[in-house]
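Data first, discussion second: the structure below is written as structure tokens.
Residue numbers (our numbering), protein chains in the order written: chain A, 2 to 252; chain D, 4 to 283.
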């Protein structure tokens, strides 16, 4: 499949239908112009792409961790107290439907165009969806598990740690997965508009330099990272939980 | 350990503000080491009584005394075995059984040994590393019983523990429960809607009436343990209880289906002499 795409792309590039500046070749350079894979490997070799990837991922990690912590806390409060659900619960659902990049103008005014503004966008992108899945997960903990644990004498934080959290793990994992996807998109948008360093910034630089080979190689990196994290981290977590719990993946 | 329910009333608030009386004037004393069954039509409040003893629910009026002391809330001296095992799917069998022990701050090694002992008592020593979804319904219930026994409670509260099992498994578990009860001498409060089950297992059976839930009649089961299901004492008693229960059932069905309903008298009670050749 990839090979077919590769051939089509290369053929269009060679056909001269578009100038190579718009449609750069992937691998085979005919007049000495830059190729996508060439730029990609060179970027990796001289550390430019790697460094940008590193900055992007560390921003992502920080924003994600904050979002998860806040999301779990708010989710617990919503599930635990009816009045929080009635007030905050509704607000969160409303906020969840606002794309996080919409917050950027506000973030720039609040924090200035820099690291903090980007972090804010990432965090806000992931927090609400995490809050919603956490509260759903906590609310759906079977009452039977709670009764069992309570008759054994569990309560308070022990009950949360040993029963409520593990019992809602299936919901939490899908929450993490969606939250991650939101954070990743928000981060790219944020970096594209205003950040120093990072993959989004590299994309913007590629546009400014009219170098689509750089843009495309960064896009490839972004796609690869996304796939790896989704497949290797979240799918694995999901599968191992399903196996342990004996939930079958098929319908 | 003696359990005493004194003039317990229980009201539930309905959505429309009205209250529904579930239990009315329940007076019940359960002696140390006794095996008592509560039996009655569904919705008669038998589970509510159990939950009150467990401390998961509270009487609206009246009180629950354990050894003369008023009780507030659940405690490790009263452990419940529920109809569905309620095993935690994220823990294996051994961890499930150890849960309560570790909660009591017991050392891990000691807890593991105790849990293994309890699992052997229900004949599941080989499955300690299995996860709940790998077990059959009967095995899950056995683990749930082991999880309760390992806490060494004074009272074992069983809320229709075998209702979801098939007949053969239930029979095996009846024998095992009798064996465990004789070995450990725990007080057992057993909820069921199955008369045969109550007759097979208990020393005393309390029949409940419904709407509101009252204690209607008491039966003593005077037969030796281990019980033999074909014991004529048991068969006879089963029939007597069924006759009393039918009156209650009729009341329930009438309320649900209107006045045109009439339960056919004795339609599902077979002639006890049938298998003795009465139709030759």
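Where a beta carbon is used, it is the ideal one built from N, C-alpha and C, also for glycine.
No experiment lies behind these values; they were computed from the predicted model shown.
Per DSSP, cross-strand counterpart(s) of residue i
i	result
residue 228 of chain D	Beta-bridge pairing links residue 228 of chain D to no other residue.
residue 216 of chain D	D:26
residue 145 of chain A	Beta-bridge pairing links residue 145 of chain A to no other residue.
residue 40 of chain D	D:193, D:208
residue 72 of chain D	D:69
residue 12 of chain D	D:64
residue 222 of chain D	D:208
residue 81 of chain D	D:158
residue 6 of chain D	D:33, D:69
Beta-carbon proximity list for residue i, same chain, < 7 Å, skipping 5 on both sides
i	result
residue 44 of chain A	50, 218
residue 184 of chain A	61, 64, 65, 68, 123, 126, 127
residue 22 of chain A	211, 213
residue 27 of chain D	12, 215, 216, 217
residue 165 of chain A	139, 142
residue 184 of chain D	38, 191
residue 22 of chain D	14, 15, 16
residue 90 of chain D	99, 135, 143, 146, 147
Integer-rounded CB distance, given that residue j should sit under 8 Å from residue i
i	j	result
residue 138 of chain A	residue 169 of chain A	3 Å
residue 287 of chain D	residue 147 of chain D	Chain D is shown only over 4 to 283; residue 287 of chain D falls outside these bounds and no answer can be derived.
residue 29 of chain D	residue 8 of chain D	5 Å
residue 57 of chain A	residue 200 of chain A	5 Å
residue 221 of chain A	residue 41 of chain A	6 Å
residue 226 of chain D	residue 237 of chain D	6 Å
residue 154 of chain D	residue 78 of chain D	Contact flag wrong, Cβ pair sits at about 10 Å.
Under 7 Å between C-beta atoms of residue i and residue j
i	j	result
residue 35 of chain D	residue 190 of chain D	yes
residue 229 of chain D	residue 181 of chain D	yes
residue 132 of chain A	residue 93 of chain A	yes
residue 114 of chain D	residue 105 of chain D	yes
residue 25 of chain D	residue 15 of chain D	yes
residue 80 of chain D	residue 157 of chain D	yes
residue 135 of chain A	residue 96 of chain A	no
residue 49 of chain D	residue 88 of chain D	no
residue 165 of chain D	residue 152 of chain D	no
residue 187 of chain A	residue 101 of chain A	yes
residue 58 of chain D	residue 76 of chain D	yes
residue 42 of chain D	residue 195 of chain D	yes
residue 171 of chain A	residue 242 of chain A	yes
residue 67 of chain D	residue 55 of chain D	yes
residue 79 of chain A	residue 86 of chain A	yes
residue 40 of chain D	residue 205 of chain D	yes
residue 256 of chain D	residue 198 of chain D	no
residue 136 of chain D	residue 247 of chain A	yes
residue 194 of chain A	residue 204 of chain A	no
residue 92 of chain D	residue 252 of chain D	no
residue 127 of chain D	residue 145 of chain D	yes
residue 91 of chain A	residue 108 of chain A	no
Other residues of its chain near residue i: CB distance less than 6 Å, five sequence neighbours each side excluded
i	result
residue 130 of chain D	96
residue 179 of chain D	none
residue 209 of chain D	41, 218, 221
residue 85 of chain D	162
residue 71 of chain A	128
residue 14 of chain A	24, 26
residue 238 of chain A	174
Same chain only: Cβ atoms within 8 Å of residue i, ignoring 5 sequence neighbours per side
i	result
residue 109 of chain D	117
residue 32 of chain A	21
residue 155 of chain A	163, 164
residue 258 of chain D	214
residue 39 of chain A	28, 30, 214
residue 248 of chain D	42, 43, 44, 198, 210
residue 132 of chain D	95, 96, 97
Any non-hydrogen atom of the ligand ZN within 6 Å of residue i CB
i	result
residue 48 of chain D	Although the ligand ZN was asked about, the structure shown includes no ligands whatsoever.
Every unbroken beta strand (DSSP E) inside the segment 89–114 of chain A [3 residues or more]: none
Start-end ranges of the beta strand (DSSP E) lying completely within the segment 126–173 of chain D, minimum 3 residues: With a minimum length of 3 residues, the continuous beta strand (DSSP E) runs that stay inside the segment 126–173 of chain D are 158–162.
Residue ranges of each beta strand (DSSP E) within the segment 156–191 of chain A, 3 or longer: none
Under 8 Å (Cβ pairs) to chain E, residues found in the segment 222–243 of chain D: No chain E is present in this structure, whose protein chains are A and D.
Ranges of the alpha helix (DSSP H) found wholly within the segment 32–61 of chain A, counting only runs of at least 4: 37–46
4-residue-minimum alpha helix (DSSP H) runs that sit fully inside the segment 228–260 of chain D, ordered along the chain: 235–260
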